Every structure is written in C-alpha cells, then in structure tokens.
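Residue numbers (the numbering used here): 1 to 143. No residue lacks a Cβ here, since even glycine has one placed at the ideal position from N, Cα and C. Model, not experiment: these values are computed from the prediction. For reference, the structure is listed below as structure tokens.
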C-alpha cells in the first residue's frame, strides 16, 4: 500500500494564505501540531473528521468565495491513504445529513476552522507568511 495519495484541492488565495499562517502559528503554539505543511493539513482534516456530521454542521463555516477560474489555484497534496479514506467517508456522512460538499469545499471548511483555532491560540490575527514555507521547520520546544 502506498504511503501517500495525491489529492487535488482548489484553494482561494485568502484561505491558502491563512492556512500557511495558521500552520506556522501552530508550529509555535500547538504542541500536537506536526512539522510540515502537508502533515499539518492531514492533522487538520483528521480533526475535522472527528467532529462528526453534526459537529461540522454546527460550525457554520461559510463556503469559499466564488472566484474566476484564474483567481484560485488547484494544488496537489500527498496525504496518508487513511486520512483520505476518512475524509471521503465524512463527506458521505455529511451528504446523508443534508450537507453536500465537494472534497475541496470540505477541505476549505476544515482549514477555516483550523485558522480560527490558530488565531485564538495566537491571541488574535496571524502573521502573514512571505515566501516559501520551510521544508523541515523547527518546532517550538515546551520548557
């Protein structure tokens, strides 16, 4: 079995930038957060799965803005197969509960919740991330 599965997701620029900022914030403010953006994304998705259909619906996350084709970006992420399977099951559960979301919309929802949580942990607005994310970032050490 493969260690990862390529998953495409559409990102609007604001959510992409906010996700990058939340990831960097979590490196320093969330001991359980993994180092590595794609690992952080999998962690965020698994947390969203764990909320269950009712918990996800209760969050009331707004859909991603409708932008022109050239304004957003489709990005590929290498996720663990178990994470992708859990996400797909959660999407089916949400549909059975009356919420129809594409995989990209579901990922958007999970990331928006993670960004909100990171903002709370950081005590407000997240710092923007300029340039590329580091491949092997150092995490803050709890003393």
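Residue i - containing alpha helix (DSSP H), residue span
i, result
"residue 135", "First-last for residue 135: undefined, no H or E at that position."
"residue 126", "Premise fails: residue 126 is in no alpha helix (DSSP H) and is neither H nor E."
"residue 47", "37-50"
Three-state secondary structure (DSSP) of residue i
i, result
"residue 30", "coil"
"residue 62", "coil"
"residue 93", "helix"
"residue 101", "coil"
"residue 118", "helix"
"residue 13", "helix"
"residue 143", "Any reading at residue 143 needs caution, since the residue's pLDDT is 37, under 50, leaving its predicted position unreliable; the model's value is listed next. Residue 143 falls in the coil class under three-state DSSP."
"residue 55", "helix"
"residue 71", "coil"
"residue 2", "coil"
Residue from the options whose Cα sits closest to the Cα of residue i
i, options, result
"residue 134", "36, 32, 13", "36"
"residue 93", "139, 72, 49", "49"
"residue 97", "6, 56, 12", "56"
"residue 114", "132, 15, 3", "15"
Residues sharing a beta bridge with residue i, DSSP
i, result
"residue 77", "7"
The region 55-65 in contact with the region 21-34 per 3-pair CB rule at 8 angstroms: no
Three-pair Cβ contact test at 8 angstroms for the region 78-87 versus the region 119-139: Below 8 angstroms, too few C-beta pairs join the region 78-87 and the region 119-139 to call them touching: fewer than three.
Three or more C-beta pairs below 8 angstroms linking the region 35-49 and the region 102-115: In short, these stretches touch, since the Cβ pair count reaches three.
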